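Student: One line per chain: the protein sequences are A and B, in this order. Counting from 19, one number per residue, gives the positions in the first sequence under the working numbering. Counting from 7, one number per residue, gives the positions in the second sequence under the working numbering. Using N, Cα and C, we set each Cβ at its ideal position, and we do this for glycine too. Just so you know, these numbers come straight off a predicted model, no measurement behind them.
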Amino acid sequence: MKLRRRSGVAERPATVDLFAPALPTKVTSVKPVPLIVSHPDPQPAPRPRSAQLWYAVVFPELKESEAAAMLQRLGACALQFTSLVSIEMPNALLLEIKGSVKLFGSLPDLHARMDAAWSGLELRAQGAIAPTALAALWCARVGKRACIEEAGALTGELAQLPLGCTAWDVQRLETLHAMGVTRVGELLRLPRSGLARRLGPAAVLDLDMALARQAAPRRAFIPRERFRERCDFETEIETVVYLQKALEPLVERCAKFLRERQAGVQALELRLRHRVKPMTRVRLGLASITGEQRRLSDVLEGKLNRLELSAPVRGMELLSGSLRPLSAASVDAFAGGISAGEAVPHLVERLRARLGETAVYGVISVPEHRPEAAWQRVQELSFSVTGVRGREAGMREPAVSTTGLQDEVPRPVWLLEVPLPLSAELQPAPHGGLILEQGPERIESGWWDGKDVARDYYIARRVHGARQGARWWVFQERRTKSWYLHGVFA
Amino acid sequence: MPREAHIDPSLALADILADARVWKLKDTSVNLPPSRPVWSTGRSALDARLPGGGWPTASLVEVLLGTAGLGEVQLFLPALVECQRRAVVAPWLVWISPPHEPYAPALAQQGIDLSRLLVVRPASATEALWAAEQVLSSGVCAAVLLWLQGTDDRWLRRLKLAAETGGALCVLFRPERHRFESSPASLRLLLTQGEPDIHLELVKVQGGRPGPVDFQVQ
Chain A
19 MKLRRRSGVA
29 ERPATVDLFA
39 PALPTKVTSV
49 KPVPLIVSHP
59 DPQPAPRPRS
69 AQLWYAVVFP
79 ELKESEAAAM
89 LQRLGACALQ
99 FTSLVSIEMP
109 NALLLEIKGS
119 VKLFGSLPDL
129 HARMDAAWSG
139 LELRAQGAIA
149 PTALAALWCA
159 RVGKRACIEE
169 AGALTGELAQ
179 LPLGCTAWDV
189 QRLETLHAMG
199 VTRVGELLRL
209 PRSGLARRLG
219 PAAVLDLDMA
229 LARQAAPRRA
239 FIPRERFRER
249 CDFETEIETV
259 VYLQKALEPL
269 VERCAKFLRE
279 RQAGVQALEL
289 RLRHRVKPMT
299 RVRLGLASIT
309 GEQRRLSDVL
319 EGKLNRLELS
329 APVRGMELLS
339 GSLRPLSAAS
349 VDAFAGGISA
359 GEAVPHLVER
369 LRARLGETAV
379 YGVISVPEHR
389 PEAAWQRVQE
399 LSFSVTGVRG
409 REAGMREPAV
419 STTGLQDEVP
429 RPVWLLEVPL
439 PLSAELQPAP
449 HGGLILEQGP
459 ERIESGWWDG
469 KDVARDYYIA
479 RRVHGARQGA
489 RWWVFQERRT
499 KSWYLHGVFA
Chain B
7 MPREAHIDPS
17 LALADILADA
27 RVWKLKDTSV
37 NLPPSRPVWS
47 TGRSALDARL
57 PGGGWPTASL
67 VEVLLGTAGL
77 GEVQLFLPAL
87 VECQRRAVVA
97 PWLVWISPPH
107 EPYAPALAQQ
117 GIDLSRLLVV
127 RPASATEALW
137 AAEQVLSSGV
147 CAAVLLWLQG
157 TDDRWLRRLK
167 LAAETGGALC
177 VLFRPERHRF
187 ESSPASLRLL
197 LTQGEPDIHL
207 ELVKVQGGRP
217 GPVDFQVQ
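1. Starting from Leu124(B), follow the beta strand (DSSP E) in both directions and report where the run begins and ends.
2. Please list, in chain order, the chain A residues whose beta carbon lies closer than 8 angstroms to that of Ser50(B).
3. Which residues in chain A sit within 8 angstroms of Gln80(B), going by Cβ to Cβ distance?
4. To the nearest angstrom, how far is the alpha carbon of Cys165(A) from that of Asp127(A)?
5. Note down, in chain order, every chain B residue with its Cβ under 9 angstroms from the Cβ of Trp490(A).
6. Between Glu367(A) and Val300(A), how many whole angstroms is the CB-CB distance? I'm expecting something under 8 angstroms.
7. For the beta strand (DSSP E) holding Ser65(B), just list the boundary residues, first then last.
8. So, at 8 angstroms on beta carbons, what are the nonlocal neighbours of Ala26(B) in its own chain, with the 5 sequence-adjacent residues on each side left out?
9. Measure the C-alpha to C-alpha separation of Arg313(A) and Arg131(A) and round it to an integer number of angstroms.
10. Are Arg231(A) and Ser340(A) close, meaning C-beta to C-beta below 9 angstroms?
11. How about Leu70(B) and Val211(B): do their beta carbons lie closer than 9 angstroms?
12. What residues in the stretch 201–232 of chain A have a beta carbon less than 9 angstroms from any beta carbon of chain B?
13. Cβ of Leu38(B) less than 9 angstroms from any chain A Cβ?
14. Output, in chain order, the set of chain B residues within a Cβ distance shorter than 8 angstroms of Ala110(A).
15. Could you list which residues in chain B have their beta carbon closer than 7 angstroms to that of Ala361(A), in chain order?
16. Skipping 5 residues on each side, what residues in its chain have a beta carbon closer than 6 angstroms to that of Gln224(B)?
17. If you follow the beta strand (DSSP E) that Lys210(B) is part of, which residue opens it and which one closes it?
18. Listing by chain order, which chain B residues have their CB less than 7 angstroms from the CB of Gln445(A)?
19. Using a Cβ cut-off of 9 angstroms, pull out every chain A residue sitting near Ala168(B), in sequence order please.
20. Between the C-alpha atoms of Gln178(A) and Leu125(A), what's the straight-line distance to the nearest angstrom?
21. If I'm right that Gly214(B) touches Pro57(B) with Cβ under 8 angstroms, what's the distance once you round it to whole angstroms?
22. When you compare only the Cα positions, how much space is there between Arg388(A) and Arg277(A)?
23. Helix, strand or coil for Ala281(A) per DSSP?
24. Quick one: complete alpha helix (DSSP H) runs, 4+ long, within the stretch 286–366 of chain A?
25. Counting C-beta neighbours from all protein chains within 10 Å, is the total for Asn109(A) 16 or more, i.e. buried, or is it exposed?
26. Are the stretch 204–213 of chain A and the stretch 222–230 of chain A touching, with three or more C-beta to C-beta distances below 8 angstroms?
27. Take every Cβ of the stretch 454–465 of chain A, pair it with every Cβ of the stretch 43–60 of chain B, and state whether three or more of those distances are shorter than 8 angstroms.
28. Counting only beta-carbon atoms, is Gln224(B) nearer than 9 angstroms to chain A?
29. How close, in whole Å, do the beta carbons of Glu187(B) and Leu196(B) come, if the pair is a contact with beta carbons under 8 angstroms?
30. Less than 8 angstroms between the CB atoms is what I'm expecting for Pro241(A) and Leu438(A), so what's the real figure, rounded?
31. Considering just the uninterrupted stretch of the alpha helix (DSSP H) at Arg49(B), what are its terminal residues?
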């Protein structure tokens with residue numbers, strides 16, 4: 019009853035009245051659309067041209083199992099029309115085409131072209147155009163080939179759509195059905211506050227976004243391109259040498275693929291197929307991002323040389339990791355193949371390919387009093403040239419700033435991984451083989467992590483025996499009074 | 007009408023440069039041999055005895071040791087710091103199969119740039135020699151320090167050749183027992199414990215005079 023009376027008010031358009039207090043705009047990435055005010059305005063503002071135009075395409079027959087992969091592929095294909103493509107699971111793509119209309123001639127031309135793009139698929143595609151993504155999606159879902167250009171026309175165009183186009187959950191649709199509401203237009207005539215109470219604020223927000231009263235930013239689809247190419251052999255290959263020959267064209271194509279995209283990779287995988295045995299996977303990590311054919315083939319060659327084929331190979335496949343943008347600095351015109359910036363990573367890769375990943379490392383100094391905790395191995399090496407430039411420009415920090423060591427406290431060049439207990443004749447004693455030259459330096463630390471030490475460090479020299487003359491860094495455990503060798507002043 | 011020179015944009019730069027029609031203003035293939043700087047040892051008494059006044063680069067320096075811990079690395083640290091600071095293109099130091107872990111705080115204290123230090127630990131002596139050859143001939147390292155127990159003359163020649171290609175300072179540490187074997191190294195040093203101090207002797211100096219050096223190592 020109440021509804022009827024409200025809708026009967028003539029001088030105020032019903033929709034304007036009910037939806038007036040729109041939610042505050044939280045996301046500002048999309049140009050805000052002026053809201054329609056509730057009080058009667060003597061001079062209505064000129065209707066703005068909508069800032070966006072969306073094309074939605076729905077594939078109703080898309081199987082759920084292959085939807086994600088398929089939409090990725092279709093999304094990459096849709097990038098030919100616009101740079102902003104968004105995937106709407108489970109079966110739709112959204113394209114922002116405002117800027118593309120002029121490029122493709124006219125909107126009907128573009129619309130026809132986009133519809134034609136899906137005709138090659140064995141899937142039914144339903145496309146629609148509207149100023150908001152949601153409105154376009156709703157039209158597309160019900161198969162209405164709409165082409166709405168003006169935001170002001172949205173209310174009228176959407177009114178006839180069945181409520182099923184919103185893809186709301188069943189419970190909400192049933193509630194609405196029980197209320198006798200079956201079309202979007204009827205829903206828009208309901209009072210806003212009551213709607214929010216019965217259906218939840220999300221439904222009201224959806225309506226606002228569809229009618230361009232609320233900004234609706236969307237996540238842009240970024241294609242995840244990878245290189246992936248297969249090659250099958252006519253005869254089985256049994257030796258690594260022939261395998262390398264066969265791999266050359268694959269690597270060449272991979273390098274070309276990367277070059278065309280101005281991209282590089284940091285990981286590669288080579289899969290070798292056998293007749294019976296499971297596939298052999300060879301994973302390669304590169305020390306830095308690269309797209310250079312010589313580096314790629316060198317690393318592959320190094321890895322293959324160490325590989326023992328478990329069975330003859332029938333075919334192989336080369337896959338790249340995710341593509342990364344290449345920095346312009348790594349291109350040197352006259353270096354003849356490998357540029358100066360790439361030479362060190364290339365060297366490290368070759369060493370690692372033959373000697374193993376952990377055999378090549380760097381060391382860093384850690385601000386810590388316990389000698390064994392004051393350094394660490396690092397596998398991730400930094401090859402940037404900027405660090406060197408900074409050093410050249412005199413920005414070099416004092417070498418002891420992080421260690422907290424004073425210049426007058428000498429430290430040995432070699433540190434033993436585990437302190438070596440000194441036998442009785444090696445201990446500093448009146449008649450022993452060791453003379454304490456400097457010390458003690460007391461190091462007492464680490465009570466908080468259970469590896470606490472309480473030691474007195476000395477610099478000592480061997481005076482007798484086989485290692486005569488060697489300068490050692492020794493310490494006496496303060497609790498047990500036993501002596502250990504911890505470093506060598508080489 | 008002259009035929010338009012067309013170059014496929016997807017070609018690598020190297021391929022384009024290999025094209026005979028492309029004239030290179032700067033040709034790296036006819037480059038002059040790299041100049042061979044000498045790194046000062048940081049001790050005037052030792053500098054005076056070495057040809058050129060310092061450790062020779064692009065050659066092999068061999069250090070024969072009585073035992074580890076005689077300050078043998080200390081002997082080269084001033085030169086390593088110096089060459090890291092001065093080499094603009096290749097400030098990398100590579101230490102191959104050191105007998106113990108290089109202690110980072112000590113090296114940082116002496117002025118070594120740790121971010122440009124690479125430690126390589128090959129499983130065998132052959133692998134170590136291979137790694138040293140690769141590193142030396144790559145030409146991207148300022149200095150290579152290599153520790154070996156024993157090796158043959160042929161490998162040492164290969165190392166020297168690689169060092170000559172790359173132009174780096176190459177120091178090989180070996181036990182004292184190899185003293186009387188022939189070696190292609192252009193400079194051979196012997197470090198032993200004397201009475202009461204460490205004793206440094208130049209066993210072989212190409213272009214210089216061998217004999218003991220009177221100075222304090224540590």
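Tutor: Quick answer:
1. Residues 123–126.
2. The contacting residues do not exist; Ser50(B) stays about 22 angstroms from chain A at best.
3. Residues of chain A passing the Cβ test: Val431, Phe507, Ala508.
4. Approximately 12 angstroms, taken between the alpha carbons.
5. What Trp490(A) touches in chain B: Gly75.
6. Actually they are not in contact, since the Cβ atoms of Glu367(A) and Val300(A) sit about 14 angstroms apart, beyond 8 angstroms.
7. Start and end: 65–71.
8. Correct list: empty, nothing qualifies.
9. Rounded to the nearest angstrom, the two C-alpha atoms are 42 angstroms apart.
10. Taking 9 angstroms as the Cβ cut-off, Arg231(A) and Ser340(A) do not qualify as a contacting pair.
11. Taking 9 angstroms as the Cβ cut-off, Leu70(B) and Val211(B) do not qualify as a contacting pair.
12. So the list is empty, because no residue satisfies the distance condition.
13. With a pLDDT of only 44 at Leu38(B), under 50, the local geometry of the prediction cannot be trusted, and the value read off the model is given with reservation. Taking Cβ atoms only, chain A never reaches closer than 9 angstroms to Leu38(B), which makes this a no.
14. Within chain B, no residue comes near Ala110(A); the closest Cβ sits about 35 angstroms away, beyond 8 angstroms.
15. In chain order: Ser144, Val146.
16. With a pLDDT of 47 at Gln224(B), under the threshold of 50, the modelled position of that residue is not reliable, and the figure given next carries that caveat. Within the same chain, Cβ atoms closer than 6 angstroms to the Cβ of Gln224(B) are found at Gly77, the five residues on either side in sequence being excluded.
17. Run containing Lys210(B): 204–211, per the beta strand (DSSP E) assignment.
18. From the beta-carbon of Gln445(A), no residue of chain B is found nearer than 7 angstroms; the closest lies around 17 angstroms away.
19. Below the 9 angstroms Cβ cutoff, chain A contributes no neighbours of Ala168(B), its closest Cβ being approximately 13 angstroms away.
20. Roughly 24 angstroms separates the two Cα atoms.
21. Going by Cβ atoms, the distance from Gly214(B) to Pro57(B) rounds to 5 angstroms, so yes, they are a contact pair.
22. Whole-angstrom Cα-Cα distance: 49 angstroms.
23. It is a strand residue.
24. Taking only runs of at least 4 residues, the alpha helix (DSSP H) segments lying wholly in the stretch 286–366 of chain A are 311–323.
25. By the neighbour-count rule (16 or more Cβ atoms within 10 Å), Asn109(A) is buried.
26. In this structure the stretch 204–213 of chain A lies against the stretch 222–230 of chain A, because at least three pairs of beta carbons, one per stretch, are closer than 8 angstroms.
27. They do not touch, by the three-pair rule.
28. Here Gln224(B) scores only 47 on pLDDT, less than 50, and its place in the model is too uncertain to base an answer on.
29. About 13 angstroms separates the CB atoms of Glu187(B) and Leu196(B); that is not less than 8 angstroms, and the two are not in contact.
30. Not quite, the Cβ-Cβ distance comes to about 58 angstroms (not below 8 angstroms), so this is no contact.
31. Arg49(B) -> no alpha helix (DSSP H), and no H or E assigned at all.
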